[in-house]
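The next block holds one structure in the form of structure tokens; read it before the comments.
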Amino acid sequence: MPHDRALQEAVLAELVWEPSINAAHIGVTAGAGVITLSGHVENFLQKRNAEKATARVRGSRRSSRSCWSSSHCP
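Heads up, the sequence shown is in the working numbering, so the first residue is 677 and it goes up one at a time.
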């Protein structure tokens, strides 16, 4: 879906722009306006900041989170 592709690119751009996280290890998928983040971050604060950055992107209805790393899984 073209909208999902644009949304995915917008989220990736927002993650790269956010200085408090390293976006190189974060994967982003989009489907029907739902963003799913996956990958590895160094700590819980980076995970939370990635989620906040995703929420700032216009058009994303909600964020679905998968496990980021074994030390940060719920």
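Ideal placement from N, C-alpha and C gives every residue a C-beta, glycine not left out.
Residue i to residue j span [Cα, whole Å]
i      : j      : result
Asp680 : Gly735 : 9 Å
Gln722 : Gly707 : 23 Å
Val704 : Ser696 : 17 Å
Ala689 : Val710 : 17 Å
As assigned by DSSP and simplified to three states, the class of residue i
i      : result
Ala708 : coil
Glu694 : coil
Range of the contiguous alpha helix (DSSP H) that encloses residue i
i      : result
Asn725 : Phe720 to Ala731
Candidates the options: closest to residue i by CA position
i      : options                           : result
Glu718 : Thr712, Leu683, Ala700 and Glu690 : Ala700
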